[in-house]
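Chains A and B are the protein sequences, given in the same order. Just add 641 to the spot in the first sequence (first one is 1) and you have my numbering. Just add 641 to the spot in the second sequence (first one is 1) and you have my numbering.
Number of protein chains: 2
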Amino acid sequence: MIEANRAELSFQLFEMADVDGLSLHDRFSAWDRDSVEAALDTAQHIAFERFLPHAAELDANEPEFVDGRVVMNPKVAEALQAYREAGFFGAGFDEEWGGAQMPETVRQAASFLFLMANVGTASYPFLTIGAANLIASFGTDGQKRRYLRPMIEGRFFGTMALSEPQAGSSLSDITTRAEPRGDGTYRLIGRKMWISGGDQEISETIVHMVLARITGAPAGVKGISLFIAPKHRVCDDGTVGERNGVTLAGLNHKMGYRGTTNALLNFGEEGECVAELVGEPHHGLVYMFQMMNEARIGVGLGATAIAAAGYSVSLAYARERPQGRQPDGKDPVAPQIPIIGHADIRRLLLAQKAAIEGALALCLYCARLVDDLAVKPHDESRRDDELLLDLLTPIAKSWPSEFCLEANKHAIQVLGGYGYTRDYPVERLYRDNRLNPIHEGTHGIQGLDLLGRKVVQAGGAGLRMLAARIRADIDAAGDEPELSEFAGSLEIHLQGLLSTTACLAEALTDRPRLALANATLYLDMAGHVVIAWMWLRQARATLVMKAEGRGGEGFSDGKLAACRYFFRYELPKTGPQRDLLDALDDTTLAIRPDWF
Amino acid sequence: MIEANRAELSFQLFEMADVDGLSLHDRFSAWDRDSVEAALDTAQHIAFERFLPHAAELDANEPEFVDGRVVMNPKVAEALQAYREAGFFGAGFDEEWGGAQMPETVRQAASFLFLMANVGTASYPFLTIGAANLIASFGTDGQKRRYLRPMIEGRFFGTMALSEPQAGSSLSDITTRAEPRGDGTYRLIGRKMWISGGDQEISETIVHMVLARITGAPAGVKGISLFIAPKHRVCDDGTVGERNGVTLAGLNHKMGYRGTTNALLNFGEEGECVAELVGEPHHGLVYMFQMMNEARIGVGLGATAIAAAGYSVSLAYARERPQGRQPDGKDPVAPQIPIIGHADIRRLLLAQKAAIEGALALCLYCARLVDDLAVKPHDESRRDDELLLDLLTPIAKSWPSEFCLEANKHAIQVLGGYGYTRDYPVERLYRDNRLNPIHEGTHGIQGLDLLGRKVVQAGGAGLRMLAARIRADIDAAGDEPELSEFAGSLEIHLQGLLSTTACLAEALTDRPRLALANATLYLDMAGHVVIAWMWLRQARATLVMKAEGRGGEGFSDGKLAACRYFFRYELPKTGPQRDLLDALDDTTLAIRPDWF
């Protein structure tokens, strides 16, 4: 019942993200349009034939912790075997290590299909790819041979082991210790919490990327190092040896995302846990954050995909379900109309469409920046793209997490009582998506990152870059009469964003608590402006298509309608937010804990 | 872990709803302050000692359909036995039929405690009371003897059987038939869907209040009659005889609210289903809607109670959980602070407090109107109160359903990853509350009811009544310097509500589809104005308390802070909604179904 909208995906890739342009670069020369479409065909086939069919049963029968091991529906391993055979584990990596050098933009589009179909199963490879990225960027050749290559082959899976029971959002407080063993390796001792994919019995072994403190390291974030701690010792040829001292202490039972194990792991409690340092000592958090951009865009994309799944179900339902009549046609013997005929149902559908397609455009815009950086020389010319990507990352993580969750809420509402039952997938999707504003940095943390760091770093250069890009699109749209309302509105809201940011940046220096008190509102407000920009870009792209006789019947009309919805129903919500921010409102600071 | 805030409940009853004043009436003379507090003590004891302890296990192990019967956790029956013995089934009914004539305001406050503790178990008596209300209002003395009295005694439970698989929101399309049996009784034939409490093995029998069409009845809502169709035949002395032809065809498996069975029932499929007509033929929907006011206020109250449960958990967690440091105090060797010290956590708590206490005030305001009507003579003097209650009902149903669900979302966010696990109740509460915008008339239906019917009926008299009451409170608050910001803001927003309503009312006559296209936005906007009014009333009441030396430390400060939060962070959101409404925006009407 969940259906992919491939026309939409092609639009996003070729009309919006100009993936055609990427194949002009040596790195991506294999990825012409036919190859991209073929890869998406394969992804769609595996996603909908192998991932989707067990999504509901995996949710109803989540992995269990039995005698220290994980017992799991075997269909997960079967689906991942198909994923592996199709080469998706290594798609984005260098050919040198067995990868296919697929552009990130395309890889994310393919990921979108897997995430739509079954986020629980899709998480295992995505975590593996994230962990492998760290080794690819900062590991030695020996580490790449031992760990990266088997991960690219899909033989080893990976995890990110950051949080601890007492240190979640506050990573500076982690206490896991790394003691030198004298041979260049380390012994890890500690507990890690919330480790997605932290254990399973699918892959030959699991490569945990662990943050820990080397004995004598300074307190805080500047004393955190990054380690590889595999579940089994791994020989130099990549074969798997005896168990390493990493033990599964328990699984968390979650509201959604149930197919993905989420583990409490003990390091060095039963048997020695031997680990390898990655890169320099005390640079662990820097490495992790360099990779975090892609992980966070992945969260945004996942939130979008889960919403897209719900939207497809609710749209099909709205077209088929007869119920009620128009306000001016109450004749009880006339047949009932499909509920898509009701304005409020269309509003619920438009809200979903506007959120999903706007968010997808943003995630792929960010992925395209990753690709641009991958083909740029390591000199000053990268700086602008890096700053822009840094700035957009908390928005790409958080906006979809917040507003695509809302889309899933609307999908349930379209189905009414049926949507509240487990006979339809919309309630599961809503539960799944509730995780996204929490993991990989909560919504509040993203707000602090955006306002406290990203918009002010490098003297505000990232924000200037963003403004320049938005203005270029406003100018380009200005010629189209159908877009002038939106272009004009976006210009006003961009000016608002810039002036509010200037006001907050000034306060940040001498009154940081007050300046950051409403950072989450700033995040949502800035996100709405950015998504409005994405909608202006989409509207313009469809007009180009239409003028050139491309695009199916109604495609452009639908885009323009959703663009109008976003500009009229969503963007104005930023006005009251900006008023609060400009006023440096201190309501949340002024209330005392004992007044609640 | 879920805790009741009795100080808040007492504030709402005695400082806001003036329950003291009610006991001056003969009907309520037994309900002085001591009796009220004693009843709440009993309710709290049973709710937290008998209802709460099995709430999580009932959710994890929902009732099952086995061999045509319902198998259910026996703790539900035990808890309801305690509820029954304490006399809560009959609390609100006339003494003549075994009731205690408890004021509705007090009864709803007691209900709030049961709903907080365990909505799944609490639903059985609440549905019974709703069904019993119908019989009390429209039944014959014989029907009252046979059904009402045993329901008041808690021996029989009741249901409301309205929906059918093909007719949910559109009740005019129900097809269940009632054929005269020649002896004054009827034979029912049809299927009913979504019947909460539709079957169980707790009560001696179940009294289904069923909407059906008598043979030859006109099409549409004017051909619907109300019937009593018990699960067993009931003798004249109230004893239970043989089975009647009502059979359980299946149970729905829901996202939340899992403790309450939700049934598909067949009438007259296996054995004859004998039913008694209630009141006049073809008046069924009118009767049902007269009772619907109380059911809908009950939904709003339930949504509020579920949010209050989540708030209590998240507040306790925020006070205890150490994580991170202030933006201007990043010393990593300093201890972490409790997260309630972070502005964004306080925002999440304030948003919950503002929604819950505002919604509770509104629900009890409506309940108080019910009480006022209960002691007024049946003449013209009732008209104003009736119109005001009619107008407020869709708001009291929908505002809490929407915004207290949001509060439950915030409660999860405060707990972060822990909140997403089933180890804490906040995820269950969020799932439970997701039902409330759907049942008893969806959010969209409430919008149509408010804008298409309630604000325009009787020439807009209800809205004028509302405006007069709000203005009286604005005037009363105007003298308090601490309230002048809020009083001034409310006056402006009230004017906005009135002018927008006038604009829409005009359009309603000749362009009903356009006028109603954004009825849901109108509902949310009007709801925010009404809740702002409730906050002004609360703020003023706490200043009175403070001046008189009553109220605990910080109580008044907390109320004022939450009032300020609502006026600054919430109320301004209505501005953009009003702009859309004033413009008669047609975005949702203009998009064609094939453009999605």
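The C-beta atom is built at its ideal place from N, Cα and C for all residues, glycine as well. The structure displayed is predicted, hence computed values, not measured ones.
Mapping DSSP to helix, strand and coil, what is residue i?
i       : result
S866/A  : strand
H1051/B : helix
M801/A  : strand
L852/A  : strand
V1096/B : coil
F779/A  : helix
F908/A  : strand
V711/A  : strand
E1189/B : coil
N934/B  : helix
P968/A  : coil
E883/B  : strand
E1194/B : coil
E736/A  : helix
T846/A  : strand
E961/A  : helix
A808/A  : strand
When the cut-off is 8 angstroms and only beta carbons count, does residue i lie next to chain B?
i       : result
Q1054/A : yes
S1042/A : no
F729/A  : no
D967/A  : A small fix is needed here, since residue 967/A is Gln in this sequence, not Asp. Closer than 8 angstroms to some Cβ of chain B, the Cβ of Q967/A qualifies, so yes.
A995/A  : no
Y1210/A : yes
S810/A  : yes
G939/A  : no
R987/A  : yes
So, is the C-beta of residue i closer than 8 angstroms to a C-beta in chain A?
i       : result
V974/B  : yes
L1225/B : no
K1214/B : yes
F1237/B : yes
W835/B  : yes
I1232/B : yes
H1084/B : yes
H1035/B : A small fix is needed here, since residue 1035/B is Pro in this sequence, not His. So no, P1035/B is outside the interface.
H894/B  : yes
H1134/B : no
E703/B  : no
R1154/B : yes
Got a sec, what are the start and stop residues for the alpha helix (DSSP H) residue i sits in?
i       : result
H686/A  : R674 to I687
T1150/A : S1125 to D1151
V1011/B : A984 to A1015
E745/A  : E745 to A758
L1107/B : A1102 to A1118
L918/A  : Careful: L918/A lies outside any alpha helix (DSSP H), inside the beta strand (DSSP E) at V915 to V919.
L663/A  : V660 to L663
A648/B  : R647 to S651
R790/A  : R790 to I793
Just curious, the beta strand (DSSP E) that residue i is in, first and last residue?
i      : result
R818/A : R818 to P821
I836/B : Y827 to S837
L889/A : V887 to L892
H873/B : H873 to V875
Would you call the stretch 644-663 of chain B and the stretch 1082-1092 of chain B touching, i.e. three or more CB-CB distances under 8 angstroms?
no
How do the stretch 1008-1019 of chain A and the stretch 944-953 of chain A stand: do at least 3 beta-carbon pairs fall below 8 angstroms, yes or no?
no
Closer than 8 angstroms is the cut-off here; do at least three beta carbon pairs connect the stretch 886-900 of chain B with the stretch 925-934 of chain B?
no
Indicate whether the contact test is met: 3 or more Cβ pairs, each with one atom in the stretch 703-717 of chain A and one in the stretch 840-847 of chain A, closer than 8 angstroms.
yes
Complete runs of the alpha helix (DSSP H) confined to the stretch 1036-1086 of chain A [at least 4 residues]:
1067-1074
Going residue by residue through the stretch 1206-1237 of chain A, where are the continuous alpha helix (DSSP H) segments of at least 4 residues, counting only ones entirely within it?
1215-1223 and 1228-1231
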